[in-house]
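Chains as they are written, first to last, in the UniProt record's numbering: chain S, 1 to 87; chain G, 1 to 1186.
As structure tokens, then:
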């Protein structure tokens, strides 16, 4: 954060944001950001019953199964995190 | 040494009248008229004896070695002391105290014997005399000095002696200053010998041996032993270099002592010493010899050549006594500009001692890094402590940022001594404490070695009388304990728990309670348990129990989860051997019960029995504490238990009603109140068993004299009335309304007021009613001091009685009318105030004739010259107008309002408020009775009220504009307000904008917006900003209606959002925010999109208000445009190569995300192209089709 803003109300805004999962910051990796997007997507589908039944219909699966699978996938929706570059 | 001996000592002086004469002479010169107020500002001077004593103690303790940090790795400090050392030191201290006491005891005995000897033989032996004078024979000199300064100066000796003493003190400082100042002339007739001759005979001199300044020396040594030079060998004052003294006159004796304030002269360039060079020029080369100093003359440290801005005044390297003396002589004309620091708000002489190093200009290239760092810290601290607010702010930021770089040691070495300065003032302390707080946060565990030193300085804040100081102290200690950790805090404070000094134990207990609240009670419990059971010393147990008490007081109901543990911790203390421990335990239980109320009775099961036995066994203070505990526990009990215990305890309470001890009285009252409030106690019991004794013991005139007793008695009686009923209590005291003593009448009135307000007057029968009204009228008329009690009482009782007062109204109103014409302004004011309170009831009783009579009399009184009274009269007129209504008002509104117009010009706040309320009401309800011209006149007057300090007045004025505009039509009012945007004062402009918005709201936005847009075209910046602000308020007030006006204001907003001026863009952003929120879902997306494009580039602004407004506007856009569009804007910069850009965009993204997380899901971009072997970034779920 730029130093001018450090002592103003915006600090609190920043802190407030950081307390929630899914928010990002200037140094976030694409993996982290996209993972959050995926989780949000799954959460949204699981949360909206019509959407869920639509997907169940398209998949030919029971809604319960689709729901379960989506919840499971939320663990690592885009696969394992990329290896850290050696520094 | 105690004071009686000093009395004896003082009898060896010159006759009193001579001394007084000198005193008067001395007084004529150099008195600082502000000295008194300066003293009052000093925290130490203001505090109680206890606090002062504590401060002394803190100064002693502050000098101990830095403690080791046992948790730090690989730190084997040579000069740091560990826990063991602290404990050993503490034991030594205790031993020292014991020895000191023994010595004092011995001396006392010897003295007594000596007295006997004296009686036998009129001339006592010389040593004995010396001893009695408190001379140097007394062994512990430091201790003696301590004793001296522990005695508060006021309490020392009364009257003239004290004053005289102080003056000598002063004189001495000046002299010392002069000594070190002067080296040029040190010979000649001023030599030792000459003075010796001039000096008074030996016998008289002995009194002056005790130079008061030496006391100061000793004190200072205590404060800084490292720096202190050995106290100078004892010399008579007359031996010292007496430069600048006038020739000894024939008056002899004490005459020479009164010298001109030499130092002040030396500051003046016309009056300073001549230098050797100057003398060489002036005097012929031959015929003069420089005289050698006489043997035995000691030159005071030669002054170095100084380039300080202080001009001829020197600061020594170390903080020795001499420096302090110089500094003291420096006086108020100290420098306010220091090299490298810049301008300061003030500079106290004491500061010179601490900041001596930076007062000089030094060659910084030769300094080591450490020295440079030290100077840097000092500069920053000086800026923070003495600087102007902007200077202070930047310095504070710098010191915070660099805290870890500076390190804990150098920082605290500089900060802590400053905090221990005697002359510290509130503001300075606040700032320094703030520095510690900020620095602590940064230093974190680096602070460990300094924990004790910080505590020593901060603990006294916990018992400060100032609430904010206490809060600050708590804050620091809580941060400290979070930084240092529980284990370290305990090991640091453990030695102080059984410290000999009660003050230290007290503050330590409070500090511990803060630690408990910061780190949680459970973590501290094992320690508390151990301390409360300590076998080693009762002090430790006492402190442990006090910690529990403090925890309860501080944390309130947060103790509930740990209540049983805490009670068990202290329970055994009720049966302790030490009386003090038992008392403290009872107090702790009382605090716990108070904090836990109304829950947690089961936790107290174990202590009920001992408490019960206790109140039968104890007497005096112990009993008071036990009663207090019982009193707080009873309300927690079930009704039947409560009633049983109340009956049991009442016997003792009634016995203690007679007690003469003030503390006991208070506690008894409190307990009675608590018992009466419990459910199980029956009204009959209270009436028969408690009331008779209670009234006999507490309803006496004496109780009304002390304010705290007064309050307690009233509270308790009101509580009893809840059970016993109104007539029972009021009947008992109503006759006392005619008592001779005014305070007592007040106590009666206050009680009646509260009882009637709580329980109503339906219980009062006709006879009592008559007595009551009669008594109240009497008490009201007889009051001599002005306060609210009688007035409130009258109002409350009359309002409670309602229509029943009808038969007394004629009498009351005639009293009021008569008093409205009284000579005294206060009486008139009270009468008017009473009218205000009575108006509603008079109307209720249907006595409209009386009201109109009152109204007319008040109208005639509007020429009142005392503003307070005038305010009350206007308020009374307003109250009448309120109940009568505008149509029936007498005098008619059309006469009343023109009379008010000139009064609006009155500058007095009360008058302003009362008149604006009256006018606002007339404008609201009866505007049609007054011609439009009059209203316009009032509009102009109202503009002045917009400058008022009180917010209520400004708000009332702004609202009045709305009412007036409603009745007159907006055009003229709007014109007045728009013109007012051109004035200089910001506050007036801001209020005008609000008024414009209110007019727009009441008369419809279409009446105002064109005018505002037109006004915006004015070339004046203030006017344009004002127009923008007004629009912002308009759109805020009208909400969804703004949909009709969006297109009209878009062009203006385009202009404002592309203006160079920051404030323009800020205000325009605010307008956009209100617009966007107002029109969300109303189909204005096209204009909103346009505005969004104009707002967006402002997101890189850094000024806090601007960026705040812009962020708000963007968030509002999310609501009206939908998160998808906003997301596509944001995506542009989330991974921008420039960090500054990324930061801003992520902030917007986060705000967006938190506002509309779910609805963003469909709008996330398809990132499947980024997939690699390891990760797939496709969102398959969204790619399904049916």
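We treat Cβ as the ideally placed atom computed from N, Cα and C, and that holds for glycine. Everything numeric in this text was worked out from a predicted model, so none of it was measured.
Reducing DSSP to helix, strand and coil, say where residue 112(G) ends up. Of the three classes helix, strand and coil, the one that applies to residue 112(G) here is helix, per DSSP.
CA nearest to the CA of residue 711(G), picked from 1042(G), 1098(G), 737(G) and 665(G): 665(G)
What residues of chain S sit near residue 1188(G), judged by a beta carbon separation below 8 angstroms? The requested residue 1188(G) does not occur in the structure, where chain G is confined to residues 1 to 1186.
Quick check: the region 51–66 of chain S against the region 13–21 of chain S, are there 3 or more CB pairs under 8 angstroms? no
Please report the residue range of the alpha helix (DSSP H) in which residue 1146(G) lies. 1139–1155
CA-to-CA distance, residue 822(G) to residue 863(G), given in whole angstroms: 15 angstroms
Name the chain S residues whose beta carbon is nearer than 9 angstroms to that of residue 1096(G)? Under the 9 angstroms cutoff, chain S gives no residues; its nearest Cβ is about 18 angstroms from residue 1096(G).
Nearest-angstrom beta carbon gap, residue 719(G) and residue 676(G) [assumed within contact, 8 angstroms]: Contact holds; Cβ gap of about 5 angstroms.
Using a Cβ-Cβ distance under 7 angstroms, would residue 49(S) count as near chain G? no
Please decide whether residue 29(S) counts as near chain G, where near means a Cβ-Cβ distance under 7 angstroms. So no, residue 29(S) is outside the interface.
Alpha-carbon to alpha-carbon, residue 917(G) and residue 728(G): 41 angstroms
Could you check how far apart the C-beta atoms of residue 835(G) and residue 879(G) are, in whole angstroms? I think they sit under 8 angstroms. 7 angstroms
Quick one: give me the first and last residue of the alpha helix (DSSP H) that residue 1038(G) is part of. Unbroken alpha helix (DSSP H) run through residue 1038(G): 1021–1038.
Excluding the 5 residues preceding and the 5 following residue 1128(G) in the sequence, name in chain order all residues of the same chain whose CB lies nearer than 8 angstroms to its CB. 1163
Count the C-beta pairs between the region 784–791 of chain G and the region 741–753 of chain G that are closer than 8 angstroms, then say yes if the count reaches three, no if not. Contact check between the region 784–791 of chain G and the region 741–753 of chain G: three or more CB pairs, one atom from each, fall below 8 angstroms, which counts as touching.
Among residues of its own chain, excluding the 5 on either side of residue 611(G), which ones have a beta-carbon nearer than 8 angstroms to its beta-carbon? 574, 586, 589, 626, 629, 630 and 633
Determine, using beta carbons only, whether residue 75(S) comes closer than 7 angstroms to chain G. Residue 75(S) does not count as touching chain G.
Under 7 angstroms between the Cβ atoms of residue 1146(G) and residue 26(S)? yes
Neighbourhood of residue 1092(G) by C-beta, 7 angstroms cutoff - its chain only, sequence neighbours within 5 removed: 1117 and 1121
According to DSSP, residue 1001(G) sits in a beta bridge with which residue or residues? Paired residues: none, contrary to the question.
Mind listing the chain S neighbours of residue 1150(G)? Cutoff is C-beta to C-beta under 7 angstroms, in chain order. Residues of chain S passing the Cβ test: 17, 23 and 24.
Apart from the five residues just before and just after residue 734(G), which ones in its own chain have a Cβ nearer than 7 angstroms to its Cβ? Result list for residue 734(G): 768, 771, 772 and 775, in chain order.
May I have the straight-line CA-CA distance separating residue 591(G) from residue 598(G), to the nearest angstrom? 13 angstroms
How far does the alpha helix (DSSP H) with residue 689(G) in it reach, from first residue to last? Where residue 689(G) is concerned, there is no enclosing alpha helix (DSSP H), given that its DSSP letter is neither H nor E.
Using DSSP with H/G/I as helix, E/B as strand and the rest coil, what is residue 328(G)? Because the pLDDT of residue 328(G) is 46, which lies under 50, any placement of that residue in the model is unreliable, and the number read from its coordinates should be weighed accordingly. Helix, per DSSP.
Ordered along the chain, which non-local residues of its own chain (more than five positions away) have a Cβ less than 7 angstroms from that of residue 624(G)? A distance below 7 angstroms between beta-carbons, with the five flanking residues on each side excluded, links residue 624(G) to the following residues of its chain, in chain order: 663, 664 and 667.
Of the residues that make up the region 56–67 of chain S, which ones have a beta carbon closer than 8 angstroms to any beta carbon in chain G? Of all residues in the region 56–67 of chain S, 57, 58 and 59 have a Cβ within less than 8 angstroms of some Cβ in chain G.
Is there a C-beta anywhere in chain S that falls below 7 angstroms from the one on residue 1065(G)? Answer no: the Cβ-Cβ gap between residue 1065(G) and chain S never drops below 7 angstroms.
Indicate the three-state DSSP secondary structure (helix, strand or coil) for residue 79(S) in the structure shown. coil
With distance defined between alpha-carbon atoms, name the residue in 1061(G), 1004(G) and 1058(G) nearest to residue 1045(G). Here the closest residue by C-alpha is 1004(G).
Identify whether residue 61(S) lies in helix, strand or coil by the three-state DSSP scheme. coil
If residue 683(G) sits next to residue 723(G), beta carbons under 8 angstroms apart, how far is it from one beta carbon to the other, in whole angstroms? Your pair residue 683(G) and residue 723(G) checks out as a contact, with CB atoms roughly 5 angstroms apart and the cut at 8 angstroms.
Pull up the distance between the alpha-carbon of residue 530(G) and that of residue 544(G), whole angstroms please. Residue 530(G) and residue 544(G) have their C-alpha atoms some 9 angstroms from each other.
Residues near residue 905(G) by beta carbon distance below 8 angstroms, same chain, minus five either side: 941 and 944
Which listed residue (706(G), 741(G), 700(G) and 742(G)) has its alpha carbon closest to that of residue 732(G): 700(G)
Work out the CA separation of residue 559(G) and residue 521(G) for me, nearest whole Å. 8 angstroms
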